[in-house]
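Undergrad:
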């Protein structure tokens, strides 16, 4: 039976590579992005990849894509942005765009997919916040919010058949290393929620170890 994966931000970078890897591994891939031309390039020579142009800030559009995709066994959410601008000078409308895309976009994707995944069990929800870079304060704030949201979801729904992962990588980490780290983590069901890509910096203040010690209700903390 073919498994279905939903990959957002699939027009380039990490999302494009994730979509291609899953297609090569015989997944039925639904590749989503607002960039139609980029999606077409991603799907080239992948007959089991289906492209859908969609802005993740539009909850109805996200819900429509998920309805067309059918039951989803894996979500790889990479549709996030981090424009560079001085923190005190970045236009507020750009800050709002980052938060709508990165934070609310994540919420829309989760609300459209997670209920069905919980009902079916044996699924994976993978978040890939953008790696903060110097001068991208709005993106850094949004990435931290996505990581905290992943922690809240794990606390509420961990142990119910859906594996949650949040991949954190340093700026400039090659996408293949991020995906390799995710794959290794998924091979260890007891692994930590937060996955650090090889070569990336540790989360500030030992955040990974602190988060790993917290347990969702009714489950044991992953080791």
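In my numbering, the protein residues as written are 248 to 470.
Every residue, glycine too, gets a C-beta built ideally from N, C-alpha and C.
Out of 384, 369, 376, 402, point me to the one whose CA is closest to residue 433's CA.
TA: Counting from 1 along the chain shown, the entry for residue 433 is found at position 186. That would be 369, whose Cα lies nearest to the Cα of residue 433.
Undergrad: Hey, out of 366, 284, 388, whose CA is closest to residue 342's CA?
TA: To locate residue 342, count along the chain shown from 1; it is residue 95. Cα-wise, what sits closest to residue 342 is 388.
Undergrad: Skipping 5 residues on each side, what residues in its chain have a beta carbon closer than 6 Å to that of residue 306?
TA: Reading the chain shown from its first residue, position 59 is the one you call residue 306. So the qualifying residues of the chain are 355.
Undergrad: Can you give the Cα-Cα distance for residue 394 and residue 408, rounded to whole angstroms?
TA: As a first step, residue 394 must be located in the chain shown, where it is residue number 147. As a first step, residue 408 must be located in the chain shown, where it is residue number 161. Note on geometry: alpha-carbon atoms of residue 394 and residue 408 lie some 20 Å from one another.
Undergrad: Going by C-alpha distance, which of 289, 357, 295 is nearest residue 374?
TA: Counted from its first residue, the chain shown places residue 374 at position 127. Nearest of 289, 357, 295 to residue 374, Cα basis: 357.
Undergrad: Assess, as a yes-or-no matter, whether the region 249-257 is touched by the region 278-289 under the definition of 3 or more beta carbon pairs within less than 8 Å.
TA: yes
Undergrad: Between which two residues does the beta strand (DSSP E) harbouring residue 472 extend?
TA: Coverage of the chain is limited to positions 248 through 470, which leaves residue 472 absent and any answer about it impossible.
Undergrad: Just mark residue 398 as buried or exposed, buried being the case when its beta carbon has 16 or more other beta carbons within 10 Å.
TA: Numbered from 1 along the chain shown, position 151 holds the residue referred to as residue 398. Burial call: buried.
Undergrad: Around the C-beta of residue 423, are 16 or more other C-beta atoms found within 10 angstroms, so that it is buried, or is it exposed?
TA: Position 176 of the chain shown holds residue 423. The residue is exposed, with fewer than 16 neighbouring Cβ atoms inside 10 Å.
Undergrad: Do residue 345 and residue 378 come within 9 Å of each other at the CB atom, strictly closer than that value?
TA: Numbered from its first residue, the chain shown carries residue 378 at position 131. Numbered from its first residue, the chain shown carries residue 345 at position 98. Contact flag unset, no.
Undergrad: Could you tell me if residue 364 is buried or exposed, where buried requires 16 or more neighbouring beta carbons within 10 angstroms of its beta carbon?
TA: Counting from one through the chain shown, the residue named residue 364 turns up at place 117. Looking at its Cβ environment, which holds 16 or more other Cβ atoms inside 10 Å, residue 364 is buried.
Undergrad: Which of the three DSSP states is assigned to residue 423 in this structure?
TA: As a working note, residue 423 is residue 176 in the chain shown. In the structure shown, residue 423 sits in a helix (DSSP, three-state: H, G or I).
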